[in-house]
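S.K.: The following block contains the structure, expressed as structure tokens.
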Amino acid sequence: MTKVKDATIPTIPLQARLSRWFGRNLIRIYAVFGFTYLFIPVAYTFAFSFNDSGKSNLIWKGFTLDNWQNPCGAPEICTALGNSIKIGLLATIFSTILGTMIAFAIGRYAFKGRSTSNLLIFLPMATPEIVLGASLLSLFLVFQINPGFWPTVIAHVVFCVSFVVVTVKARIASLDPRLEQAAMDLYANEFQTFRRVTLPLVAPGIAAAALLAFSLSFDDFIITNFNSGTLTTFPKFVYVSAARGIPAQANVIGSAMFFLALAIVITGQLISKKTKVSK
Amino acid sequence: MVDVSSATRGDLRLTRITKTYGDFTAVDDLSLTIPEGSFFALLGPSGCGKTTTLRMIAGLEEPTVGSIHLGTTDITTKRPYQRPINTVFQNYALFPHLTIFENIAFGLRRRGIKDVDADVNKVLDLVELPHLAQRKPTQLSGGQQQRIALARAIVNRPALLLLDEPLGALDLKLRRQMQIELKWIQREVGLTFVHVTHDQEEAMTMADTIAVMNEGGIEQMGSPADLYDNPKTAFVANFLGQSNLIKGRIEGTDGDNLVVDLFGQKISMPKSRSHAVDSSIYAGIRPEKFRISLVGTPTRGNVLTGGHIEEVSYIGVSTQYQVAMPWGQELMVFEQNDDGVPPFDKGDQVVISWEPNFTFALRGDEDVEAGTEVAPDDLDEDE
Chain E
352 MTKVKDATIP TIPLQARLSR WFGRNLIRIY AVFGFTYLFI PVAYTFAFSF
402 NDSGKSNLIW KGFTLDNWQN PCGAPEICTA LGNSIKIGLL ATIFSTILGT
452 MIAFAIGRYA FKGRSTSNLL IFLPMATPEI VLGASLLSLF LVFQINPGFW
502 PTVIAHVVFC VSFVVVTVKA RIASLDPRLE QAAMDLYANE FQTFRRVTLP
552 LVAPGIAAAA LLAFSLSFDD FIITNFNSGT LTTFPKFVYV SAARGIPAQA
602 NVIGSAMFFL ALAIVITGQL ISKKTKVSK
Chain V
2 MVDVSSATRG DLRLTRITKT YGDFTAVDDL SLTIPEGSFF ALLGPSGCGK
52 TTTLRMIAGL EEPTVGSIHL GTTDITTKRP YQRPINTVFQ NYALFPHLTI
102 FENIAFGLRR RGIKDVDADV NKVLDLVELP HLAQRKPTQL SGGQQQRIAL
152 ARAIVNRPAL LLLDEPLGAL DLKLRRQMQI ELKWIQREVG LTFVHVTHDQ
202 EEAMTMADTI AVMNEGGIEQ MGSPADLYDN PKTAFVANFL GQSNLIKGRI
252 EGTDGDNLVV DLFGQKISMP KSRSHAVDSS IYAGIRPEKF RISLVGTPTR
302 GNVLTGGHIE EVSYIGVSTQ YQVAMPWGQE LMVFEQNDDG VPPFDKGDQV
352 VISWEPNFTF ALRGDEDVEA GTEVAPDDLD EDE
């Protein structure tokens, strides 16, 4: 056995070491830049929610908790928020139920016109919102329905359904049909099979679809602007007030929504991690 | 509610079942009786219709024609949940969102049984996995999932337990172990097991009765020993183990024996072991039934002369010889290595002999290659 002395181990030149370090860390550096780019607007919104702004929230004038303590301080803002939440919830409920049923029909059953329905369901997603909004308005007017709360809900259901169908369908496609056969084999009738096996397994997809539908509805401006008439929603409020300066309360609500969404996602992750530990 | 009482117990009878998918006939006019309490195997290569047959028994498919009776009850069109029949699925199909305990309790609860603890724990003990009750299926190994799938089915004490290639996903060693265990559990619980497999060794190890299926029908049915010892068709002769099939003619009779001419050499065999319809036959002899001896040494029984050793493969417990015969055929011979050293070398001039009683005769118009091209390991029958 020969022993190599320390001195004989060749040292790696600095340049090589540097390029090696870059090689190893490039992806991290890239990630830091990427996330910075994505989150600067969020951080900005959050920071300016603490701005002692007065009328216009464009220049930093000092730290205050007033906006957070009194989020409804700006006139009309909480009415608008309430409308958006109401519309969002109703649109979510209707589009999730309808979309889930469509997803099951398309995903599970062979029927005439299945592939056509599959294609048609994509169309509302592909249609420019401005076109969808304008044509919905003219449709309502033809039927002599005045723009307002319910037309807005209906309009939101129209574009949310497609997203629900696509999301739930993906989950159904990944469901092993043998699980349902096993349930039937174990004395569960069609309804019990759906309730005990199919639904629990598709539920995460339905929940994801509902969250997606709510957030799509909540921040929709274009279609809402056409169909809501004099009703003010939160995006409409922000848009209108942009002309004379957005109140810091808008930042408060925006930030709060962001953290709420974050909390829901993290909770969801934790639950699914707990239910399938080893996977 | 499902009646799992004595009224729906008894033999399972399939009567003239046919199942077609469009132009394709998966099962063709199949009739079969599975006696209560037996371990029954449906054996056949991929696409022979065995899984379709199983699914019709389970109620997951409906026969195009024919009827299925369990005891005296007609179950042909009953829904799966209306039959006292449970299945161990090929990929186990455990419910991923339920614990092992709830998976096993599933069938009991659907039948309206409130107090399931005792039954579930008993069956968990039977499969020796009581400590896994609160785990989720994905936390279990393949072998453990296999046992839970079995437990989930037998906890219901069905009149019939169907096993669809239940060991297909396990490695060889675990498969061997589970074969013995399944057989033991079947005796322990006393239920009728119907086992679908493409693995002839698995079927032979476990089943009391095997039905060999091919192209939608049953080729032959009987005990493992019957099928191996006296196959009726070339398909069975080749699919269960290996066979030497030699073209021949029946020349006459001699008491209870037939005199058969094999390329000019006369042999004899029992009449009762002939499945031929006319004088043209294939004489079949299993490779381990042959004896080899050097030319000039004494022989007994049937004798075929003029061969020489073409190939020798030593495989430990036995040695396999390929013996080239004068008519151009190579016969396969397995010799036990009782004395350790292979006593014959390549090129040796030898005589082949065997006991006449080991001979079977197949129809002369059979396809001698039938059943050989299907390697038992080329899975996978997923219909």
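Heads up: the protein sequence lines correspond to chains E and V, in order.
Everything in the first sequence is counted per the numbering used here, starting at 352 for the first residue and increasing by one.
Everything in the second sequence is counted per the numbering used here, starting at 2 for the first residue and increasing by one.
Glycine included, every Cβ here is placed at the ideal spot set by N, Cα and C.
Taking 9 Å as the threshold (beta carbon to beta carbon), is GLU382 of chain V in contact with chain E?
M.R.: Only weak support is given to the placement of GLU382 of chain V: the predicted model assigns it a pLDDT of 42, under 50, and the value that follows is read from those uncertain coordinates. So no, GLU382 of chain V is outside the interface.
S.K.: Could you tell me whether any Cβ in chain V is nearer than 9 Å to the Cβ of GLN620 of chain E?
M.R.: no
S.K.: Out of curiosity, what's the CA-to-CA distance linking LYS123 of chain V and VAL237 of chain V?
M.R.: 41 Å
S.K.: Counting only the same chain and skipping the five closest in sequence on each side, list residues whose C-beta sits under 8 Å from that of VAL296 of chain V.
M.R.: THR306, GLN350, VAL351 and VAL352
S.K.: Given that LEU61 of chain V touches chain E, what residues does it touch there, using C-beta distances under 9 Å?
M.R.: Within chain E, the residues near LEU61 of chain V are GLN532, MET535 and ASP536.
S.K.: Grouping DSSP H, G and I as helix and E and B as strand, with all else coil, what is PHE569 of chain E?
M.R.: Reduced to three states, the DSSP call for PHE569 of chain E is helix.
S.K.: Go to PHE455 of chain E, then tell me how far its alpha helix (DSSP H) extends in each direction, as first and last residue.
M.R.: 428–459
S.K.: When we look at the beta-carbon of ALA594 of chain E and count the other beta-carbons within 10 Å, is it buried (16 or more) or exposed?
M.R.: exposed
S.K.: Rounded to a whole number of angstroms, what is the C-alpha to C-alpha distance between TRP185 of chain V and GLY218 of chain V?
M.R.: Rounded to the nearest whole angstrom, the C-alpha separation of TRP185 of chain V and GLY218 of chain V is 30 Å.
S.K.: What is the DSSP secondary structure of SER623 of chain E, reduced to helix, strand or coil?
M.R.: helix
S.K.: Shorter than 9 Å from the beta carbon of ALA539 of chain E to some beta carbon of chain V?
M.R.: yes
S.K.: VAL548 of chain E touches chain A at which residues, Cβ-Cβ below 7 Å?
M.R.: The structure shown contains no chain A; its protein chains are E and V.
S.K.: What are the boundary residues of the beta strand (DSSP E) that includes HIS309 of chain V?
M.R.: 303–315
S.K.: Does the count of Cβ pairs from the region 556–575 of chain E and the region 139–151 of chain V closer than 8 Å reach three?
M.R.: no
S.K.: Please report the straight-line C-alpha distance between LEU133 of chain V and LEU621 of chain E, rounded to a whole angstrom.
M.R.: 23 Å
S.K.: Can you tell me the Cβ-Cβ gap for LEU15 of chain V and VAL197 of chain V, rounded? I've got them flagged as a contact below 8 Å.
M.R.: Not a contact, Cβ separation roughly 14 Å.
S.K.: Given 8 Å as the limit, is there contact between the region 594–604 of chain E and the region 522–539 of chain E, that is, 3 or more CB pairs closer than that?
M.R.: no
S.K.: Taking the straight line between their C-alpha atoms, what separation do you get for THR65 of chain V and VAL28 of chain V?
M.R.: 9 Å
S.K.: Could you compute how far the alpha carbon of PHE455 of chain E sits from the alpha carbon of MET535 of chain E?
M.R.: 18 Å
S.K.: For the candidate residues V:ASN258, V:GLU216 and V:ILE35, whose alpha-carbon lies nearest to that of THR193 of chain V?
M.R.: Nearest to THR193 of chain V by alpha-carbon distance, out of V:ASN258, V:GLU216 and V:ILE35, is V:ILE35.
S.K.: Could you compute how far the alpha carbon of ARG111 of chain V sits from the alpha carbon of ARG547 of chain E?
M.R.: 10 Å
S.K.: Is PRO551 of chain E close to chain V, meaning its C-beta is less than 9 Å from at least one C-beta of that chain?
M.R.: For PRO551 of chain E, a Cβ of chain V is located within less than 9 Å of the residue's own Cβ.
S.K.: Nearest to GLU202 of chain V by alpha carbon, out of V:GLY191, V:THR234 and V:GLY169?
M.R.: V:GLY169
S.K.: Ignore the nearest five residues each way along the sequence and tell me which others in VAL603 of chain E's own chain have a CB closer than 8 Å to its CB.
M.R.: Cβ within range, chain order: SER400, ASN418, TRP419 and PRO422.
S.K.: Return the chain-ordered list of same chain residues with a C-beta closer than 6 Å to the C-beta of ASP30 of chain V, the five sequence neighbours on each side being excluded.
M.R.: ARG17 and THR19
S.K.: Is the shortest distance between the beta-carbon of ARG158 of chain V and the beta-carbons of chain E less than 9 Å?
M.R.: no
S.K.: Checking 9 Å against the spacing of the C-beta atoms, do ALA607 of chain E and THR443 of chain E come in under that value?
M.R.: no
S.K.: Name the one or two DSSP bridge partners that TRP328 of chain V has.
M.R.: TRP328 of chain V is not bridged to any residue.
S.K.: Using the Cβ count rule (16 or more neighbours within 10 Å means buried), how would you classify VAL89 of chain V?
M.R.: buried
S.K.: Rounded to the nearest angstrom, how far is the Cβ of LEU263 of chain V from that of ILE251 of chain V, given a contact under 8 Å?
M.R.: That pair is no contact at about 11 Å.
S.K.: Residues of chain V with CB under 9 Å from ARG330 of chain E, in chain order?
M.R.: In this structure chain E extends from 352 to 630, so residue 330 of chain E is not present and cannot be described.
S.K.: Nearest chain E C-beta to LYS20 of chain V closer than 9 Å, yes or no?
M.R.: No, its Cβ sits nowhere closer than 9 Å to a Cβ of chain E.
S.K.: Going by alpha carbons, who is nearest to THR518 of chain E out of E:VAL616, E:ALA554 and E:THR362?
M.R.: E:ALA554
S.K.: Check the Cβ of TYR315 of chain V against every Cβ in chain E and list those closer than 9 Å, keeping chain order.
M.R.: Within chain E, no residue comes near TYR315 of chain V; the closest Cβ sits about 43 Å away, beyond 9 Å.
S.K.: Which runs of the beta strand (DSSP E) at least 3 residues long sit entirely within the region 161–239 of chain V? Give them in chain order.
M.R.: If we require 3 residues or more, the beta strand (DSSP E) runs fully inside the region 161–239 of chain V come out as 161–165, 193–198, 210–215 and 218–223.
S.K.: Counting only C-beta atoms, is GLN543 of chain E closer than 9 Å to chain V at any point?
M.R.: yes
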